[in-house]
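Novice: Numbering-wise, the numbering used here comes out as the position in the sequence shown, counting from 1, plus 5.
Cβ coordinates follow ideal geometry from the N, Cα and C atoms, glycine included.
This one's a predicted model, so the numbers in the text were calculated from it and none came from an experiment.
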Amino acid sequence: METEIGSHFFNLDCYDGIECVRANFKNQHFSKHIHEGYAIGVIEHGAQSFFSQGENHTSGAGSLVIVNADTAHTGGPASENGWGYRAMYPTPELFDDLLSDLTFKSKNAPYFHRPIIDDEKLIKQFNQIFSSLADKPSRLTLETTVYNFFVQLSINSKINSSVIPTKKANKSLLIAKEYIHAYASQEISLENLSRIVGMSKYHLIRQFQASFGITPHQYQIQSRLQKAKTLLKNGDQASNVASECGFFDQSHMNSHFKKALGTTPYLYQKRINA
6 METEIGSHFF
16 NLDCYDGIEC
26 VRANFKNQHF
36 SKHIHEGYAI
46 GVIEHGAQSF
56 FSQGENHTSG
66 AGSLVIVNAD
76 TAHTGGPASE
86 NGWGYRAMYP
96 TPELFDDLLS
106 DLTFKSKNAP
116 YFHRPIIDDE
126 KLIKQFNQIF
136 SSLADKPSRL
146 TLETTVYNFF
156 VQLSINSKIN
166 SSVIPTKKAN
176 KSLLIAKEYI
186 HAYASQEISL
196 ENLSRIVGMS
206 KYHLIRQFQA
216 SFGITPHQYQ
226 IQSRLQKAKT
236 LLKNGDQASN
246 VASECGFFDQ
256 SHMNSHFKKA
266 LGTTPYLYQK
276 RINA
């Protein structure tokens, strides 16, 4: 049976819902983007090439790949037949909650210095989460399985990493980022943004990209997509979502959705709410 190309998003019915995806791609190339939460996945077949944390990486079948929250990265095929993967996107807040009853000195969500982790136990635990879904486990069973994986992953991060690196962004850049996120659906001029933060347009663009890995415009698109996903999960009409999030029209939103998520708003909404 031929593998379906594209991404299938769904929610794990535990911890107020954890967004997950099962995807297969041959020629998909994800441009530089960020996630609000972590991206944690296992390559099922083929190989993926990606840029993260300042370096290019290649992950083959069976690899556990982790991208830290709010970290710019790319993704694309590293083999002729593309690649397939399963992934979940837990929030830093979820990690904070899970770590609250552990004895780590730091209660902050972990930071993973290595984007590819070779740990058979972790990979087995991750795969167990997804394979168990076919048996329609109880909420308690699923939450226990997910909890054990996240705890082991957190322990792994404490062993193999130190504290979260200090962000290079100064206060002005953080203000710019917060402003873009808050007014993402509106037209934001570079001149007005530079005036708000007290920086020249040239330095604003260069320093924003150096600190966050993407340009102010790219961050605005990411913020619009994050808002669109939330509205689609809430059952809003795709045409209304497009205008409410600041896209020119539904076609414009569809294009960015496909580039960023490998699926359409319609399919995302249909599957995530199934």
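1) Since I believe leucine 104 is in contact with serine 159 (beta carbons under 8 Å), could you give me their beta-carbon distance rounded to a whole number of angstroms?
2) Which parts of the stretch 29–115 are runs of the beta strand (DSSP E), unbroken and 3 residues or longer, counting only runs that do not cross its ends?
3) Going along the chain, which residues of its own chain have a beta-carbon closer than 7 Å to the beta-carbon of threonine 79, five neighbours each way excluded?
4) Find the nearest neighbour of leucine 237 within the set Ala52, Tyr271, Tyr207, judged by alpha-carbon distance.
5) Taking the alpha-carbon positions, what's the threonine 171 to asparagine 153 distance?
6) Which full runs of the alpha helix (DSSP H) of 4+ residues lie inside the stretch 188–260, going along the chain?
7) Out of Ser248, Arg119, Ile10, point me to the one whose CA is closest to proline 82's CA.
8) What does the alpha-carbon distance come out to for the pair histidine 118 and threonine 63?
9) Closer than 8 Å to a non-hydrogen atom of the ligand SAM - does that hold for the CB of asparagine 239?
10) Take glycine 67 as the anchor and find which of Tyr20, Asp18, Glu98, Asp124 has the nearest alpha-carbon.
11) Going by C-alpha to C-alpha distance, which of Ile39, Leu198, Tyr43, Gln33 sits closest to glutamate 24?
12) Count Cβ pairs between the stretch 198–213 and the stretch 246–254 that sit closer than 8 Å; are there 3 or more?
13) Look at the Cβ atom of serine 216, then the Cβ atom of lysine 206, and state whether they are nearer than 9 Å.
14) By the DSSP assignment, the alpha helix (DSSP H) with asparagine 286 in it spans what residues?
15) For phenylalanine 14, which residues does DSSP report across the bridge?
16) Skipping 5 residues on each side, what residues in its chain have a beta carbon closer than 7 Å to that of cysteine 19?
17) Leaving out five residues before and five after isoleucine 180 in sequence, what residues of the same chain have Cβ atoms less than 6 Å from its Cβ?
18) Which residue marks the beginning of the alpha helix (DSSP H) containing arginine 3, and which one marks its end?
19) Starting from the Cα of tryptophan 88, find the closest Cα among Lys31, Asp241, Tyr94, Phe15 and give me that residue.
20) If you measure between the beta carbons of isoleucine 128 and leucine 195, is that distance less than 9 Å?
21) By Cβ distance below 6 Å, which residues in the same chain neighbour valine 168 in space, the five residues on each side in sequence not counted?
22) Would the beta-carbon of tyrosine 94 fall within 9 Å of that of glutamate 49?
23) Mind checking who isoleucine 121 pairs with in its DSSP beta bridge?
24) Within a Cβ cutoff of 7 Å, which residues of the same chain sit near arginine 276, ignoring the five residues on either side of it in sequence?
Specialist: Considering the structure as presented:
1) On the sequence shown, residue 159 is found 154 positions in, with the first residue counted as 1. On the sequence shown, residue 104 is found 99 positions in, with the first residue counted as 1. That belief holds up - the Cβ atoms of serine 159 and leucine 104 are roughly 6 Å apart, short of 8 Å.
2) 35–38, 44–57, 60–65, 69–72, 78–82, 88–93
3) Locating residue 79 in the sequence shown gives position 74, where the first residue counts as 1. Excluding sequence neighbours, threonine 79 sits near Phe35, Ser36, Lys37, Phe55, Phe56.
4) As a first step, residue 237 is located in the sequence shown; it is residue number 232 there, counting from the start. Among Ala52, Tyr271, Tyr207, the Cα nearest to that of leucine 237 belongs to Tyr271.
5) Position 166 of the sequence shown, counted from the first residue, corresponds to residue 171. Position 148 of the sequence shown, counted from the first residue, corresponds to residue 153. Note that threonine 171 scores a pLDDT of 47, beneath 50, so its modelled location is shaky; the value from the coordinates is reported in the next line. So the alpha carbons of these two residues sit roughly 29 Å apart.
6) 195–202, 206–217, 221–238, 243–249
7) For the purposes of this step, residue 82 is identified with residue 77 of the sequence shown, where counting begins at 1. When each option's Cα is compared against that of proline 82, the closest is Ile10.
8) Numbered from 1 along the sequence shown, position 113 holds the residue referred to as residue 118. Numbered from 1 along the sequence shown, position 58 holds the residue referred to as residue 63. Approximately 16 Å between the Cα atoms of the pair.
9) Looking for the ligand SAM in the displayed structure turns up nothing, as the structure carries no ligands at all.
10) The sequence position of residue 67 within the sequence shown is 62, counting from 1. Ranking the options by Cα distance to glycine 67, first place goes to Asp124.
11) As a first step, residue 24 must be located in the sequence shown, where it is residue number 19. When only C-alpha atoms are compared, the closest one is Tyr43.
12) no
13) Within the sequence shown, the letter at position 211 stands for residue 216. Within the sequence shown, the letter at position 201 stands for residue 206. Going by C-beta atoms, serine 216 is not nearer than 9 Å to lysine 206.
14) Residue numbering for the chain in the displayed model covers 6 to 279; residue 286 lies beyond these limits and cannot be assessed.
15) Here the question's residue 14 lines up with position 9 in the sequence shown. Answer by DSSP bridge pairing, in chain order: Val26.
16) Against the sequence shown, residue 19 aligns to sequence position 14. Closer than 7 Å at Cβ, skipping near neighbours: Arg144, Leu147, Glu148, Val151.
17) Working through the sequence shown from its first residue, we reach residue 180 at position 175. Val202, listed in sequence order.
18) Here the chain comprises residues numbered 6 to 279, so residue 3 is not present and cannot be evaluated.
19) Within the sequence shown, numbered from 1, the residue matching residue 88 stands at position 83. Comparing Cα-Cα distances from tryptophan 88 to each of Lys31, Asp241, Tyr94, Phe15, the minimum goes to Lys31.
20) Taking the sequence shown and counting its residues from 1, the one referred to as residue 128 is at position 123. Taking the sequence shown and counting its residues from 1, the one referred to as residue 195 is at position 190. No, the pair does not count as a contact, with Cβ atoms beyond the cut-off.
21) Indexing the sequence shown from 1 puts residue 168 at position 163. Because valine 168 sits at a pLDDT of 48, beneath the cut-off of 50, its placement in the model cannot be relied upon, and the following sentence gives the value as read from the coordinates. Excluding residues within five positions, none has a Cβ falling inside 6 Å.
22) Your numbering for residue 94 matches position 89 in the sequence shown. Your numbering for residue 49 matches position 44 in the sequence shown. Going by C-beta atoms, tyrosine 94 is not nearer than 9 Å to glutamate 49.
23) Looking up residue 121 in the sequence shown gives position 116. The partner list for isoleucine 121 (beta bridge, DSSP) reads Val70.
24) Your numbering for residue 276 matches position 271 in the sequence shown. So the qualifying residues of the chain are His13, Phe14, Phe15.
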